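Note that our numbering numbers the sequence shown so that position 145 is 125, with each residue one more than the last. We put the beta carbon where it would ideally sit given N, CA and C, even for glycine. Keep in mind the model is a prediction, meaning the values are calculated, not measured. One structure is given here, and the rest of the page talks about it.
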Amino acid sequence: MNASTDKILYLLKSQGPQSAAALGDQLQMTSMGARQHLIALEAEGWVGFSDEARGRGRPMRLWHLTDQAWQRFPDTHSELTLQLIDDVQQLFGEEGMEQLIARREQQMLGRYRAELTQTELEGKLASLRVLRSREGYMADMRQEEDGSWLWWESHCPICAAARACRGFCRSELAIFRQLLAPAEVEREQYLLDGDRRCLYRIRP
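Here's what the structure looks like:
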């Protein structure tokens, strides 16, 4: 791995499948140069591709991450986390699991509220983006023409725990709603439903 190939993996993770030309533009290199990096990454099992028809002419080749590449991103010690979740469920049942999730939710709310001192929604979102990205969520946002905000997280560092117990995902949505109230927060894309990221719409 070098700086260019690491950047390619990051771009594919944060922005989804892309062509060699699009990657080359962002890396300030030719599409041929980007393609050479992609071919090397493919040989090592980090990326794959699909050819997508777009009107007339040759299909566009879009490169994407393989399952192997996902392992390069933090998973917050998934094996230990899964074992602990199983232990809690076995020892204390679903009620105990819900208590654990609720405790985590309150701890996160307290930590975030201490950092989010702004009163305006945009300022809160900007600070939250820094906090969530620092935690490994690769958070980003964009304001839409109707005044709403799109918020997305391209990586889930607690994905293994969330797959074992979706209560963690329900809790994180509740955290966003409490932090950003009176704004309305709805999840529009969900990583665990097969989307490539979790996407939220936030309406002031």
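Exposure of residue i, with buried meaning 16 or more beta-carbon neighbours within 10 Å
i: Q(-2); result: buried
i: T97; result: exposed
i: V27; result: buried
i: G73; result: exposed
i: S30; result: exposed
i: I19; result: exposed
i: E75; result: exposed
i: E152; result: buried
Spatial neighbours of residue i in its chain, beta-carbon cut-off 6 Å, leaving aside the 5 residues before and after
i: L71; result: none
i: S11; result: A0, A1, G4
i: M88; result: I155
Chain-order list of residues whose beta-carbon lies under 7 Å from that of residue i (same chain, five-residue window excluded)
i: E133; result: R112, Y117, M118, A119, R177, C178
i: A142; result: C136, F148, C149, L172
i: R15; result: A0
i: L130; result: M121, R122, E124, L179, R181
i: E78; result: G147
i: L(-9); result: Q(-2), L3, Q6
i: M109; result: Residue identity check: residue 109 is Arg in the sequence provided, not Met. Excluding sequence neighbours, R109 sits near A119, D120, M121.
Sequence-distant residues of its chain with Cβ nearer than 8 Å to residue i (five each side left out)
i: A154; result: E85
i: M9; result: S(-16)
i: K104; result: L96, Q98, L159, L160
Simplified DSSP state of residue i, which is helix, strand or coil
i: A20; result: helix
i: R181; result: strand
i: R36; result: coil
i: F53; result: coil
i: L96; result: coil
i: G103; result: helix
i: A141; result: helix
i: E85; result: helix
i: G13; result: helix
Beta-carbon proximity of residue i to residue j, cut-off 8 Å
i: P184; j: A163; result: yes
i: G25; j: Q6; result: no
i: K(-7); j: L42; result: no
i: I182; j: V165; result: yes
i: L62; j: A144; result: yes
i: R52; j: L(-11); result: yes
Three CB pairs or more closer than 8 Å across the stretch 77 to 92 and the stretch 24 to 34: no
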